[in-house]
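At position 38 of the sequence shown (counting the first as 1) the number is 38 in full-length UniProt numbering, and the numbers step up by one without a gap.
Data block below; observations after.
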Amino acid sequence: MTISISEEAFDDLYDETVEDCYQLDPDDELDMVQLTPMLVGHGYSRKIILREGLELHIDNSRWCNRLLIIRPERESWLDFHFHLCGQHKDKYTEVGDHQYVLYGSGIAPKDTIDSVHSDYVLEVTVSMQPEVLHSFIGNFQGQLPAQFCHLIRKPDQEHYTRCGSITPMMKRMLWQILRCPYQGITKRMCLQGKVLEVVALVLEQEAEIYKGQIQSVSLEPERRDRIYHAREILLQNLDHPLSLGELARQAGLNECTLKREFRQVFGKTVFSYLRDYRLEQARQLLETEDISTTEVSRLVGFANRGYFAAAFREKFGLNPKEYKKQRKNSV
């Protein structure tokens with residue numbers, strides 16, 4: 001069964017179940033949970049106001065039916081929307097398990113969000129006003145670095161959107177957010193730190209894409225978009241990498257064009273990009289997580305531990321165990 005409903009009516013369903021809204025943390029009145037209306041499913045939505053202009057939203061629900069929510073044109077904050085489980089699509093994006101959407105500020109167009117009958121949905125969304133982003137990464141004059149200016153648009157301009165893959169580092173941060181054991185001010189400080197870390201990881205990818213766009217100005221926009229699409233497909237299949245031929249087919253390119261133009265855009269071959277991406281994720285895990293090098297190798301998609309150690313040493317000058325020990329001693 002498909003339920004088509006306006007956003008206003010959908011919000012009214014939640015308003016009608018106000019008695020099912022409660023304060024989860026007795027020491028934090030800005031941490032509220034509301035149960036999902038029975039008409040649409042079972043579960044809850046949680047909203048935590050971490051500071052003025054910075055909010056954390058967690059949706060954990062099982063939908064009974066496919067939902068089509070019709071949304072009017074509206075003003076948009078910066079939203080970092082992570083799908084750990086579940087699917088949805090709207091006018092410009094379609095995301096599934098282990099993917100995210102970055103929405104810039106500006107005007108969000110009239111559209112319909114489709115839950116695609118996802119049985120179980122687990123989403124984490126960080127909503128941020130433009131002023132908060134300015135306060136964190138702006139210079140003394142409040143200006144953003146060039147690679148992030150497009151994220152904040154005027155109130156009459158349509159907002160920026162981009163889909164991406166949740167990396168192993170992002171996933172660990174998101175689960176730490178979901179499993180935060182603290183309450184009160186300790187919880188708020190912990191969550192704000194984790195939220196900013198996962199936002200920083202998305203912005204790091206955004207900066208890489210911006211750099212790639214500068215390098216690829218000679219390509220036609222359609223061809224450039226196909227190369228970016230190929231990169232997204234590549235990163236979505238870290239556990240089971242595609243052959244060059246299959247990657248080219250899914251991106252709508254022939255293999256020779258993919259190899260040539262991928263290198264033109266990103267400055268390295270497909271294989272080198274994938275290897276360097278995995279190694280960088282491994283480096284971050286070794287620096288921030290207390291897990292074995294074997295587990296790191298598995299998380300970033302290296303089936304052979306010996307090859308992982310050799311590749312890591314070639315790139316960073318130390319094998320993984322030595323690197324982890326050095327970082328631990330330097331703290």
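Glycine included, C-beta positions come from ideal geometry on N, C-alpha and C.
In chain order, what residues of the same chain have a beta carbon less than 8 Å from the beta carbon of D12, not counting five sequence neighbours either side? Taking D12 as the centre and dropping the five residues before and after it, the same chain places no C-beta closer than 8 Å to its C-beta.
Provide the residue span of the alpha helix (DSSP H) that contains Q236, from first to last. Start and end: 221-236.
Quick check on A309: does DSSP put it in helix, strand or coil? helix
The beta strand (DSSP E) spanning M169 covers which residue range? Premise fails: M169 lies in the alpha helix (DSSP H), 168-178, not in any beta strand (DSSP E).
In terms of residues, what are the limits of the alpha helix (DSSP H) holding N12? It is Asp, not Asn, that sits at residue 12 in the sequence shown. Here the alpha helix (DSSP H) through D12 covers 7-16.
E261 - containing alpha helix (DSSP H), residue span: Counting along the chain, the alpha helix (DSSP H) containing E261 begins and ends at 255-266.
Cβ-based burial, L24 [other Cβ within 10 Å; buried from 16]: exposed
Between T93 and T161, how many whole angstroms is the CB-CB distance? I'm expecting something under 8 Å. About 6 Å separates the two Cβ atoms, so the contact holds.
Does the beta carbon of P168 come closer than 9 Å to any beta carbon on chain B? The chain labelled as chain B is not found in the depicted structure, where only one protein chain is given.
In whole angstroms, what separates the C-alpha of S135 from that of G142? 7 Å
Where the beta strand (DSSP E) through H81 begins and ends: 78-85
Excluding the 5 residues preceding and the 5 following L50 in the sequence, name in chain order all residues of the same chain whose CB lies nearer than 7 Å to its CB. L56, R188, L191, Q192, V195
Where does P168 land, buried or exposed, given buried means 16+ other C-beta within 10 angstroms? By the neighbour-count rule (16 or more Cβ atoms within 10 Å), P168 is buried.
Nearest neighbour of D276, chosen from G106, L235, E295 [CA to CA]: L235
By how many angstroms is the C-alpha of P72 removed from the C-alpha of K47? Rounded to whole angstroms, K47 to P72 spans 22 Å at the Cα level.
With C-beta atoms as the reference, is V40 less than 9 Å away from G86? no
Where the alpha helix (DSSP H) containing D276 begins and where it ends: 270-288
Could you tell me whether the Cβ atoms of F266 and R231 are closer together than 9 Å? Contact: yes.
Apply the 10 Å Cβ neighbour rule to I185 and answer buried if 16 or more other Cβ atoms are within range, or exposed otherwise. With a 10 Å radius around the Cβ and a threshold of 16 neighbouring Cβ atoms, I185 comes out exposed.
Outcome for Y100 when other beta-carbon atoms lying within 10 angstroms are tallied against a minimum of 16: buried
Leaving out five residues before and five after P241 in sequence, what residues of the same chain have Cβ atoms less than 7 Å from its Cβ? Same-chain partners within the cutoff: L274.
When the distance is taken between beta carbons, is F140 closer than 9 Å to I69? no
Rounded to the nearest angstrom, what separates I5 and T293 at their Cα positions? 49 Å
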